[in-house]
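Asker: In our numbering, the protein residues as written are 2 to 248. Here it is: the structure, laid out below.
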């Protein structure tokens, strides 16, 4: 059976002289692995559309054991990603995180849209990389059904007016007083808490529309990363490299 679908190349593994195995995020079929034979040859019809982070239209034959890319036409290339090591490292981490989560339809369509928007913002340097990393981490976890409780303190229902603690394992939000009773130190200042709520609850069109101080960005970044780590059985290998280039 052959399908025609848009897709974003998340991973490209070279096989032999000119072949690649691509991992592609599609809206209607989730994450697919497919062989792109001859795609590393400059004159091959697949060459321009099968590069890493290319958003392309694919014709894919689905086989019992192996899928094959029959044709591909490029739609969008995020040229700005390769301008900095930091941008490339973030894109690699986001792609590996997406492969790990392996979203299925209909969540895969939302994940694809989120990742395309995040890569665009990264390539065009519209927001800081720390902020984009946190947005993608927590929004994609929310889309996957792992949204933490972010509205109010889980114990006393306090909404604001102090620092808060988000439990990365249980997903419980505690105000500073209730956190102290459980021997926990707050990890979200008011700015980081506002941003966390915004990421989880805002409509897509307004998702990236907020700013943070550097301190709040760092607090938010640590909390989002800890939350992802607590809910995944796999630690993305690209995360250590990303830390190295962002510090």
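Ideal placement from N, C-alpha and C gives every residue a C-beta, glycine not left out.
1) In the DSSP assignment, what residue or residues form a beta bridge with residue 20?
2) DSSP puts residue 55 in a beta bridge; with which residues?
3) Taking the alpha-carbon positions, what's the residue 58 to residue 157 distance?
4) Considering only the beta carbon of each residue, do residue 21 and residue 37 sit closer than 7 Å?
5) Spell out the partners DSSP gives residue 7 in its beta bridges.
6) Counting only runs of 3+ residues fully inside the stretch 151-224, write out the beta strand (DSSP E) ranges in chain order.
7) Closest by CA to residue 248, which one among 215, 236, 152 and 231?
8) Is it buried or exposed, residue 169, if we count other Cβ atoms within 10 angstroms and call 16 or more buried?
9) Are residue 123 and residue 201 closer than 7 Å when you measure CB to CB?
10) Starting from residue 27, follow its DSSP beta bridges and name the residues at the other end.
11) In this structure, what does DSSP give as the bridge partners for residue 73?
12) CA-CA distance, residue 126 and residue 10?
13) For residue 37, which beta-bridge partners are listed by DSSP?
14) With respect to the alpha helix (DSSP H) encompassing residue 242, which residues constitute its N-terminal and C-terminal limits?
15) Using CA atoms only, rank isn't needed, just tell me which of 94, 3 and 30 is closest to residue 69.
16) Roughly how many whole angstroms lie between the Cα atoms of residue 161 and residue 180?
17) Going by beta carbon distance, what residues of the same chain come within less than 6 Å of residue 228, once the five residues before and after it are set aside?
18) Suppose contacts are defined by Cβ-Cβ distances below 7 Å. Is residue 39 in contact with residue 19 by that definition?
19) When the Cα atoms are used, what is the spatial distance from residue 193 to residue 71?
20) Whole angstroms is fine: what's the gap from residue 249's alpha carbon to residue 47's?
21) Less than 8 Å between the CB atoms is what I'm expecting for residue 12 and residue 27, so what's the real figure, rounded?
22) Go ahead and label residue 140 buried or exposed: buried means 16 or more other beta carbons lie within 10 angstroms of its beta carbon, across all protein chains shown.
Answerer: So, to answer that:
1) 16
2) 78
3) 51 Å
4) yes
5) 58
6) 165-167 and 174-176
7) 215
8) buried
9) no
10) 31
11) 59
12) 21 Å
13) 21
14) 239-247
15) 3
16) 14 Å
17) 169
18) yes
19) 46 Å
20) Here the chain covers residues 2 to 248 and nothing more, so residue 249 does not appear.
21) With a Cβ gap of about 14 Å, residue 12 and residue 27 do not count as contacting.
22) buried
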